[in-house]
Amino acid sequence: MTTFLKVDDEFKRTLGYLPDDDLLDDQILLRMKSALIGAENYVQGAIGQDNIDFYKRDDILPLYKLACFAIAANWFNHPSTATASTTAKSIIGQLRGSYDESEVSDDGTTAES
1 MTTFLKVDDE FKRTLGYLPD DDLLDDQILL RMKSALIGAE NYVQGAIGQD
51 NIDFYKRDDI LPLYKLACFA IAANWFNHPS TATASTTAKS IIGQLRGSYD
101 ESEVSDDGTT AES
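Residue numbering for the sequence shown follows full-length UniProt numbering, beginning at 1 and increasing consecutively.
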């Protein structure tokens with residue numbers, strides 16, 4: 001699987017940190033990165049892994065980021081008890097439909113046929 005989201009200011013704010021927060025040490029940044037990579041792998045595994053460009057489309061990227069951020073934030077804040085949130089599950093369901101549609105060409109055949 002290919003991950004491309006980064007621990008940026010937006011993700012830090014999602015977790016309740018300011019971009020230049022003094023509490024952000026290397027350990028916390030590493031935990032953020034691990035949670036985000038894990039979330040991306042989870043989302044891609046739930047939707048489809050063959051077409052990484054699908055996740056970078058302008059109409060898909062905001063939902064993909066939202067699902068990944070929701071899962072990563074939950075894992076970061078509750079590492080021993082976290083489960084995928086209802087929000088993330090709902091978004092993953094929507095993205096599955098879009099992914100399936102993107103894999104079917106105009107003549108009804110799939111990209112693999």
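Using N, Cα and C, we set each Cβ at its ideal position, and we do this for glycine too.
Residues of its chain near residue i, where Cβ-Cβ distance is below 8 Å and the 5 sequence neighbours each way are ignored
i	result
A73	T14, L15 and A35
S85	A70, I71 and N74
Cβ separation of residue i and residue j, assumed to be a contact under 8 Å, to the nearest whole Å
i	j	result
F76	M32	6 Å
A46	I91	Not quite, the Cβ-Cβ distance comes to about 10 Å (not below 8 Å), so this is no contact.
Residue i versus residue j: straight-line alpha-carbon distance, rounded
i	j	result
G48	T87	19 Å
V7	E101	30 Å
L24	D59	32 Å
K56	D22	32 Å
R96	L66	15 Å
E10	Q94	23 Å
L29	D53	27 Å
Per-residue DSSP class, three states only, for residue i
i	result
I47	helix
S113	The predicted model places S113 with a pLDDT of 48, which falls under 50 and marks its position as unreliable; any figure quoted below should be read in that light. Coil, per DSSP.
Sequence-distant residues of its chain with Cβ nearer than 6 Å to residue i (five each side left out)
i	result
M1	N41, Q44 and Q49
T3	I37 and E40
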